[in-house]
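*Asks:* Below are the structure tokens for one structure; questions will follow.
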Amino acid sequence: MTDLVRYLEVQRLLDEVEDVADELAGNERDMVDWLRRSCEDPSHNEAQAVRLLETILRNVRIRRSYDIDASEHTPRKIDLDRKIH
């Protein structure tokens with residue numbers, strides 16, 4: 003059963019993230035898009051969504067305080083050399 007209070011909290015946070023959409027990093031935009039699609043499923047874990055959205059909003063505030071523009075940074079890519087045995 004869906005927790006209505008938590009569902010409304012997720013919707014409020016999604017709206018808040020939408021207000022700062024131009025300040026999101028690429029991976030944050032991808033995560034928000036995924037969350038929007040996931041929240042359409044009634045069995046989705048809203049507790050996890052709340053934590054993710056709060057973290058994204060915190061990251062935006064941190065970047066603002068250091069005057070960092072996420073659009074000027076290349077996305078992180080983890081590309082490790084593989085050892086061949």
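With this note's numbering applied, the sequence shown corresponds to residues 3 to 87, in that order.
Every residue, glycine too, gets a C-beta built ideally from N, C-alpha and C.
For R14, verify whether its CB is less than 7 Å away from any heavy atom of the ligand NAP.
*Replies:* Among the components of this structure there are no ligands whatsoever, and the ligand NAP is therefore not found.
*Asks:* Where are the beta strand (DSSP E) runs, 3 residues long or more, that stay fully inside the segment 12 to 39, in chain order?
*Replies:* Qualifying beta strand (DSSP E) stretches: none in this window.
*Asks:* Under the three-state reduction of DSSP, which class applies to R63: helix, strand or coil?
*Replies:* Counted from its first residue, the sequence shown places residue 63 at position 61. It is helical.
*Asks:* Quick one: any contact between the segment 61 to 75 and the segment 41 to 52, if contact means 3 or more CB pairs under 8 Å?
*Replies:* Judged by Cβ distances under 8 Å, the segment 61 to 75 makes no contact with the segment 41 to 52, as fewer than three pairs qualify.
*Asks:* Quick one, are the C-beta atoms of L10 and L37 less than 8 Å apart?
*Replies:* On the sequence shown, residue 10 is found 8 positions in, with the first residue counted as 1. On the sequence shown, residue 37 is found 35 positions in, with the first residue counted as 1. Taking 8 Å as the Cβ cut-off, L10 and L37 do not qualify as a contacting pair.
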